[in-house]
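To keep things clear, I will list the structure first and then write my remarks on it.
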Amino acid sequence: MGAQIIDGKSIAADIRRDLKGRVDGLREQGIIPGLTVILVGDDPASQTYVRSKQRTSGEVGINSNVIELPKDTSQSELITLINDLNQDDKVHGILVQLPLPGHLDTDAVIRAINPAKDVDGFHPTNVGNLWAGLDGGFAPCTPSGIMELLHRSEIEPSGLNAVVMGRSNIVGKPMAGLLLKANATVTICHSRTQGLEDHLRQADILVVAIGRARFVKADWIKPGAVVIDVGMNRVDGKLCGDVDEGARDVAGYITPVPGGVGPMTIAQLLVNTVIAAERTLLL
Ligand code: NAP
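Letter by letter, the sequence shown follows residues 390 to 672 of the numbering used here.
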């Protein structure tokens, strides 16, 4: 029997539908959730992501604004803009599209964002909140979206062995933090891990985020495991994940690429923006 496919596209559509209702509720109270995306330079992949964020925001009624800056924008110009947006009550979420051009200090730029508006969840205050198990912050969108996929597929991580492959600040580390917060027993594997396959075979939930096409083989997977494939790799012009297709014959649940984790990332960005707007009602 093949694995049950976790349909991220359809779950993301459900989330957007739910969000629309929350946005309507906010609008009735005079609050229009606002997301400002700052794009520095003309990287085509970043432009595509930003356009997609703007379009999807509009669909749920979020007021999204893209500020495009030339690639030679200085650090102080960018920080001044962020300071202005921090002060602007109409802006609930601020996102600086990464990567930034090399002359800019990404860490300093992220630190400049008010953590209450840091809908990407990259500010050290939000990273700290996540690892301290505190509510009230924001976790990065891709791992938050994965937690939502698990939740909506009725997969409860508590007590399970979760293995996260990859330790980036965007996916692997916050993923591990969220699974730990959900009471999983968490192992993080990376490029220096010894006995990688043995670790993977212990996983009831396996999240793979390494950016290596079809790297994880079917016989490294525990029969019946939940496999979340974050990878987005282009091979011969086609998108594929970090997990080999044969895993579908072994896993209990699996996310497809495309159509699994990908659609959840933007959906979660919208969720975080709406949460940021809702929190202003509590101030
Ligand atoms: P990244 O910053 O390049 O990090 C990759 C991680 O994988 C690193 O921690 C690296 O270990 C580890 N790694 C690489 N090769 C490995 C190996 N052979 N064995 C074990 N670990 C290995 O990548 P990322 O930003 O986290 O993204 C990972 C993948 O997810 C990419 O394909 C990316 O396109 C995709 N992604 C998808 C979404 C989405 O919305 N679907 C969002 C973000 C990322 P070291 O730390 O030891 O180098």
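The beta-carbon is built from N, C-alpha and C at its ideal position, and this holds for glycine as well. All values reported here derive from a predicted model rather than from experimental measurement.
Backbone CA spacing between V663 and R416 [nearest angstrom]: 11 Å
Counting along the chain, where does the beta strand (DSSP E) carrying S453 start and finish? 452–458
How is N550 classed by DSSP in three states: helix, strand or coil? strand
Mapping DSSP to helix, strand and coil, what is K611? coil
By Cβ distance, which residues of its chain are closer than 6 Å to I340, with the 5 residues on each side in sequence left out? Outside the shown range of the chain (390 to 672) lies residue 340, about which nothing can therefore be said.
How should Q583 be labelled, buried or exposed, when 16 other C-beta atoms within 10 angstroms of its C-beta is the threshold for buried? exposed
Sequence-distant residues of the same chain with beta carbon closer than 6 Å to G522, five excluded per side: K570
Pull up the distance between the alpha-carbon of I643 and that of V480, whole angstroms please. 37 Å
Just jot down, in chain order, the residues whose CB lies closer than 5 Å to any heavy atom of ligand 1. T531, G555, R556, S557, I559, V560, H579, S580, A598, I599, G600, V619, G620, M621, V650, G651, T654
Contact check, L487 vs S533, beta carbons under 8 Å: Against a cut-off of 8 Å, the Cβ pair of S533 and L487 comes out as no contact.
The beta strand (DSSP E) spanning I577 covers which residue range? 574–578
Buried or exposed: M624, going by 16 or more other Cβ atoms within 10 Å of its Cβ? The identity of residue 624 in the sequence shown is Val, whereas the question assumes Met. V624 is exposed by the Cβ-count criterion.
For the alpha helix (DSSP H) that K409 lies in, which residues bound it at each end? Per DSSP, the continuous alpha helix (DSSP H) segment holding K409 begins and ends at 397–417.
What does DSSP give as the partner residues of G482 in its beta bridges? L424
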